[in-house]
Amino acid sequence: MTTDNPVWIFATQNLVALSKFPAVCKLQLGGWKEIEYEPSEEPAIRALDVLPLLRQYRGACTALHLFLPKPTLTRLVIDFCRPEELISQLVEGHVHITVLHANVDDLDRNALSTICRCLPALIELRMRVFVGIEDGEYEDGINPRATDFFSTFTNIPNLPSTLQRLTVSWEFEFESEYVEDIPVASPENIPDFPAIGDKLRERCPALRTLWLDGHDFMFRWRQVLDREEVEQEDSNGATEIASCREGFEDFWEGR
């Protein structure tokens, strides 16, 4: 076992088991149960005493409270959860956390603001938002969720000025089986992404990579050395948008 490879372990196992792997730098937890102790019980070993070299935690947010206080921990990759579940695990002032990747069930500006307030030193924020849409939910055939979110995105409080890379991607799961019944964003409802990008760079001067995906439209921007790369696609370019998503990892890593 190499110290940089994730260690697979189930969340129902305890801290004593984890203490057997002091050289682990990346931990991946599987399972859905919370790790907790009764208040009246004294744990056999303190959470802070295990995994002294831990740099990255990946798994359910239900066990996050055990590892979040560790000063060596800098990266969080959170499995699918509700934003309020993630927030319940966070407390303010975790300046050692610089990277957050999270898959969440819906997201609003208040939840994102709270997450950012708890993690004020983020340099990389990657949020993937999943929302289910039922037939007839929007009578006018227009789904405003992503549009409304991005239209007020630059006014979200507590967005860390330290951010260098930022992405928010919305993915809608539709009840309808027919493409023509899927709500899409009309051109007039697509946010003014160039203006949004300008305002975000004013608030986050170190920003170098920006990816905003509203399912039916997309905006990509990044700073490469001394030049800017800017791309925008809307609902009229569904094929182009799908192609862009396939290249996300390369874009994100600057390749």
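Going by the working numbering, the first residue of the sequence shown is number 6, and it counts up by one from there.
Quick reminder that beta carbons are idealized off the backbone N, C-alpha and C, glycines included.
Predicted, not measured: the structure shown is a model, and the values here were computed from it.
- Between E90 and the set L53, T67, I102 and P76, the nearest pair of CA atoms involves T67.
- Using a 10 angstroms sphere on the CB of V134, the tally of other CB atoms reaches 16 or more, which defines it as buried.
- Contiguous alpha helix (DSSP H) elements confined to the region 183-232 occur at 198-208, taking only those with 4 or more residues.
- Beta-bridge annotation (DSSP): E97 is not paired with any residue.
- Take the alpha-carbon of P76 and the one of E139: they are about 44 Å apart.
- Here the region 146-161 makes no contact with the region 80-100; the two share fewer than three CB pairs at distances below 8 Å.
- Taking 8 Å as the cut-off, the beta carbon of T103 is found no closer than this to the beta carbon of L69.
- For E254, the enclosing alpha helix (DSSP H) has its first and last residue at F253 to W257.
- In the three-state reduction of the DSSP assignment, N163 falls in the coil class, being assigned neither a helical nor a strand state.
- Remark: C-beta atoms of P27 and L56 approach each other more closely than 8 Å.
- The Cβ atoms of I195 and T152 lie closer than 8 Å to each other.
- For S174, the number of other beta carbons within 10 angstroms of its own is at least 16, and it is reported as buried.
- Under the DSSP assignment, R87 falls outside any beta strand (DSSP E); it carries neither an H nor an E label.
- With respect to the C-alpha of D113, the residue from L212, P162 and A65 having the closest C-alpha is P162.
- The straight-line gap separating the alpha-carbon atoms of D231 and Q169 is approximately 15 Å.
- Per DSSP, R150 has no beta bridge partner at all.
- The C-alpha of V82 lies about 21 Å from the C-alpha of F177.
- Residue burial annotation: D221 is buried, with at least 16 other C-beta atoms found within 10 angstroms of its C-beta.
- Spatial neighbours of T119 in its own chain (CB-CB distance under 6 Å, excluding positions within 5 residues in sequence) are listed in chain order as I92.
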